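*Asks:*
2 protein chains.
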Amino acid sequence: MNLLEDTAKKNVAVNEDWYAKAQKRLDNLTKPPGSLGRLEEFARRLVAINQNAMPSLDKKVVFTFAADHGITAEGVSAYPKEVTPQMVFNFLRGGAGINVLARHAGAEVVVVDIGVDYDFENAEGLRAHKVVRGTKNFAKGPAMTREEALKCIEVGINLADEFAEKGYKLFGTGDMGIGNTTPSSAIAAVLTGRPVAEVTGKGTGISDDSLKGKIKTIESAIKLNSPDPKDALDVLAKVGGAEIGGIAGLVLGAAANRIPVVIDGFISTAGALIAYCIEPKAADYMFAAHNSVEIGHKAMLEKMGLSPILDLNLRLGEGTGAALAMTLIEAGLKIYKEMATFGEAGVSDEIIN
Amino acid sequence: MNLLEDTAKKNVAVNEDWYAKAQKRLDNLTKPPGSLGRLEEFARRLVAINQNAMPSLDKKVVFTFAADHGITAEGVSAYPKEVTPQMVFNFLRGGAGINVLARHAGAEVVVVDIGVDYDFENAEGLRAHKVVRGTKNFAKGPAMTREEALKCIEVGINLADEFAEKGYKLFGTGDMGIGNTTPSSAIAAVLTGRPVAEVTGKGTGISDDSLKGKIKTIESAIKLNSPDPKDALDVLAKVGGAEIGGIAGLVLGAAANRIPVVIDGFISTAGALIAYCIEPKAADYMFAAHNSVEIGHKAMLEKMGLSPILDLNLRLGEGTGAALAMTLIEAGLKIYKEMATFGEAGVSDEIIN
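Right under this line is the structure:
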């Protein structure tokens, strides 16, 4: 059995008995039942995922997977692809949005080169797991071979296993890759069955005309490559990206290790959807960080039954939304662990009508 | 000139030149323009409110105003009014939701007795500013005299002045008072002009039948007292509550001191709306923390032109939503202050289409 099959098998459904156990404590805290809304949901899910009545989130990490995309040759992005390695160096120096927001959340950032078309040599702090030097232009043929796509997923699984072993309790996903909303929209279209135009947006900020071109490019690329919607690995290989594969692997690996994983925005959700289509039980371990500005995001979240935590018009990626959402998920756990019960506080819990 | 008039006069519109200054820096940070959505809005507003290109939020405080309500005699709440003082003691011991979430946000909690029907003697840590021992039952006559309502507002203004003087940079509002969704719905109906049924919800969790009774109670109380919608102080006195007046004063005082103030949920927003109807410029200093489950909340936010930051199905009050939103507002400021610029990071900012 290979690593992917083995990991997918370890994605077991969360035991719902733990929800009831957690809810019992939540209902005994000094507040009207259910009045802390989704904070209570976060606490319940953390208890159930950890199978532990008093879980901890002390070690948190956001994985930012970086890769390039041959499809940028079609003019689908507002930025040149040189920006991908430039931003990787920015991550390593701590100056990017994800660095700031991860510090705010008390999380570390792990930057992974999984497919950047640049030789980083031994850049300090970078995890070097390059599978491809950028994908091929999938307007002309498959983005990757099936073997390469599988390798990307394995990179994510191995990182999940490693950081689970090191005692991390909460993972976040992130991405960097000029052009990567294009493969994400392609994945969204193929795996949700929606028309390309309904799941394709302006990425980092292209014009209306360029958006039309981007939609046409994706439509004809899907026709050319005919990825099999029943085979997520085929979809990842033909119209995906290396960082999207890494994220898919990280999600499957998180679930296999019973670690909750916060899915960032549009690109991360495309990765999570690949994971979900390989093993739907992975969704039990996912938290959807936010509702991205990218219009295809919602369709993918709906397919997986996830409700985004934040809605702040974010569209940066990198894991920024995941880091922000971590602060709210942790708030939910603190409520659960630190609030006084009615008995402890001498507060009446009698409801009079 | 009295304290309220003096304070309202100091509520000056924010100078919009600062928005442009802040946006210039935001657009020079290593991200596509606008890609951090509302986080950028928070930073812009903090810069403009502070009239400072590098503002700080190091000292933060949530004020939780507690009071009782004579209207509970009409059976409008799911809990007995004894819970108000019990919860005050819970706040003082640090065991309530607001204590947990304020700690999470790095904010202090100041608990204010502005109208609880209980003798706290010299309870440690409590700010004793009792104006009334609970309001009168406004189903039978005015909740307070005009003088009492004014005194409540002055309590809030004085606290704002005191904590501005002490160097606090961000205020949050909160409330505790069994029965206080009822005066808040009455205020919402009178000041937004909407029918009572459209702005009245289940509070801490009453039954469908009790909700019908609550709506009827409010409708006939408004008829009986005929508060003047053009005179917010009259509305506060006749169908309001002491904590709502304290919150209104705190908001006006915050704006007068150019301190941003995070408005919690339904009850706090009723207080903010009183402030807004006294001086609409106060809205320039408000951040709406969240979208409460209470159905009347949205109408009040719309009237003031505010968009809620969070939507997590919260309905606890106390300032819990304000504390949570503080963590996101601070994240916006950190992005603005800590991210590298394109020049610093050697990242291309050239948009190619």
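Protein chains in written order, with the working numbering: chain B, 1461 to 1813; chain D, 1461 to 1813.
Glycine is no exception: its CB is placed at the ideal position from the N, C-alpha and C atoms.
This structure is a prediction, so every number in the text was calculated from the model and none was measured.
How about residue 1780 of chain D and residue 1552 of chain D: do their beta carbons lie closer than 7 Å?
*Replies:* no
*Asks:* Answer with buried or exposed for residue 1567 of chain D, where buried requires no fewer than 16 other C-beta atoms within 10 angstroms of its C-beta.
*Replies:* buried
*Asks:* According to the neighbour-count rule (16 or more other Cβ atoms, all chains shown, within 10 Å of its Cβ), is residue 1813 of chain D buried or exposed?
*Replies:* With a pLDDT of 49 at residue 1813 of chain D, under the threshold of 50, the modelled position of this residue cannot be trusted; read the value that follows with caution. With fewer than 16 other Cβ atoms within 10 Å, it is exposed.
*Asks:* Taking the alpha-carbon of residue 1536 of chain B as reference, which of B/1800, B/1693, B/1718 and B/1667 has the nearest alpha-carbon?
*Replies:* B/1667
*Asks:* With residue 1654 of chain B as the anchor, note down where its beta strand (DSSP E) starts and where it stops.
*Replies:* Where residue 1654 of chain B is concerned, there is no enclosing beta strand (DSSP E), given that its DSSP letter is neither H nor E.
*Asks:* Give the DSSP-derived three-state secondary structure of residue 1416 of chain D in the structure shown.
*Replies:* The requested residue 1416 of chain D is not part of the displayed model; chain D covers only 1461 to 1813.
*Asks:* In the DSSP assignment, what residue or residues form a beta bridge with residue 1568 of chain D?
*Replies:* D/1521
*Asks:* Just checking: is the beta-carbon of residue 1643 of chain D within a distance shorter than 7 Å of some beta-carbon in chain B?
*Replies:* no
*Asks:* At which residue ranges does the stretch 1539–1610 of chain D contain complete beta strand (DSSP E) runs of 3 or more residues, listed in the order of the chain?
*Replies:* 1567–1575 and 1586–1588
*Asks:* Using only alpha-carbon positions, find the residue among B/1770, B/1806, B/1476 and B/1809 that is nearest to residue 1499 of chain B.
*Replies:* B/1770
*Asks:* Which one or two residues does DSSP pair with residue 1630 of chain D in a beta bridge?
*Replies:* DSSP lists D/1520 as partners of residue 1630 of chain D.
*Asks:* Is there contact here, the stretch 1569–1578 of chain D with the stretch 1604–1618 of chain D, by at least three beta-carbon pairs under 8 Å?
*Replies:* By the Cβ criterion, the stretch 1569–1578 of chain D is in contact with the stretch 1604–1618 of chain D, since at least three pairs of Cβ atoms, one from each stretch, lie closer than 8 Å.
*Asks:* Span of the beta strand (DSSP E) holding residue 1507 of chain B?
*Replies:* Note, residue 1507 of chain B: premise wrong, no beta strand (DSSP E); alpha helix (DSSP H) at 1497–1510.
*Asks:* Could you tell me if residue 1605 of chain B is buried or exposed, where buried requires 16 or more neighbouring beta carbons within 10 angstroms of its beta carbon?
*Replies:* Burial call: exposed.
*Asks:* Can you tell me whether residue 1770 of chain B is helix, strand or coil according to DSSP?
*Replies:* strand
*Asks:* Give a yes or no on whether 7 Å exceeds the smallest Cβ distance from residue 1564 of chain B to chain D.
*Replies:* yes
*Asks:* Can you tell me whether DSSP reads residue 1641 of chain B as helix, strand or coil?
*Replies:* helix
*Asks:* Given that a residue counts as buried once 16 or more other Cβ atoms are within 10 Å of its Cβ, and exposed if not, what is residue 1520 of chain D?
*Replies:* Buried, by the Cβ-count rule.
*Asks:* Show which residues of chain D have a CB atom less than 7 Å away from the CB atom of residue 1543 of chain B.
*Replies:* Per Cβ cutoff of 7 Å: 1807 and 1808.
*Asks:* Measuring only between beta-carbons, confirm whether residue 1739 of chain D sits less than 7 Å from chain B.
*Replies:* no
*Asks:* Should the stretch 1462–1476 of chain D be regarded as contacting the stretch 1754–1771 of chain B, the criterion being three or more beta carbon pairs within less than 8 Å?
*Replies:* no
*Asks:* Give a yes or no on whether the C-beta atoms belonging to residue 1713 of chain B and residue 1620 of chain B are separated by under 7 Å.
*Replies:* yes
*Asks:* Which first and last residues belong to the alpha helix (DSSP H) in which residue 1760 of chain B is found?
*Replies:* 1757–1764
*Asks:* Is the stretch 1645–1661 of chain D touching the stretch 1743–1756 of chain D in the sense that three or more CB pairs, one from each, lie closer than 8 Å?
*Replies:* yes
*Asks:* To be precise: take each residue of the stretch 1529–1560 of chain D, compare its Cβ to all Cβ atoms of chain B, and keep it if any distance is under 9 Å. Which residues remain?
*Replies:* 1535, 1537, 1538, 1539, 1540, 1542, 1543, 1546, 1547, 1549, 1550, 1553, 1554, 1555, 1556, 1557, 1559 and 1560
*Asks:* Under 8 Å: do the stretch 1713–1728 of chain D and the stretch 1692–1699 of chain D share three or more Cβ pairs, one atom per stretch?
*Replies:* Judged by Cβ distances under 8 Å, the stretch 1713–1728 of chain D makes no contact with the stretch 1692–1699 of chain D, as fewer than three pairs qualify.
*Asks:* Taking residue 1722 of chain B as part of the beta strand (DSSP E), name the residues at either end of that continuous run.
*Replies:* For residue 1722 of chain B, the enclosing beta strand (DSSP E) starts and ends at 1721–1723.
*Asks:* How would you label residue 1767 of chain B, buried or exposed, when you count the other beta carbons within 10 angstroms and need 16 or more for buried?
*Replies:* exposed
*Asks:* Using only alpha-carbon positions, find the residue among D/1586, D/1774 and D/1681 that is nearest to residue 1598 of chain D.
*Replies:* D/1681
*Asks:* Measure from the C-beta of residue 1485 of chain B to each C-beta in chain D and report whether the shortest distance is under 7 Å.
*Replies:* no
*Asks:* Helix, strand or coil for residue 1463 of chain D? Go by DSSP, reduced to three states.
*Replies:* Look at residue 1463 of chain D here: in three-state DSSP terms it is helix.
*Asks:* Name, going along the chain, the residues of the stretch 1630–1656 of chain D whose beta-carbon falls closer than 8 Å to a beta-carbon of chain B.
*Replies:* none
*Asks:* Could you tell me whether the Cβ of residue 1498 of chain D comes closer than 7 Å to any Cβ of chain B?
*Replies:* For residue 1498 of chain D, a Cβ of chain B is located within less than 7 Å of the residue's own Cβ.
*Asks:* Please name the residue, chosen from B/1676, B/1570 and B/1564, that lies closest to residue 1710 of chain B on a Cα-to-Cα basis.
*Replies:* B/1570
*Asks:* Out of curiosity, what's the CA-to-CA distance linking residue 1517 of chain D and residue 1738 of chain B?
*Replies:* 45 Å
*Asks:* Within the same chain, show all residues whose beta-carbon is closer than 6 Å to that of residue 1763 of chain B, passing over the 5 residues directly before and after it, in chain order.
*Replies:* 1652
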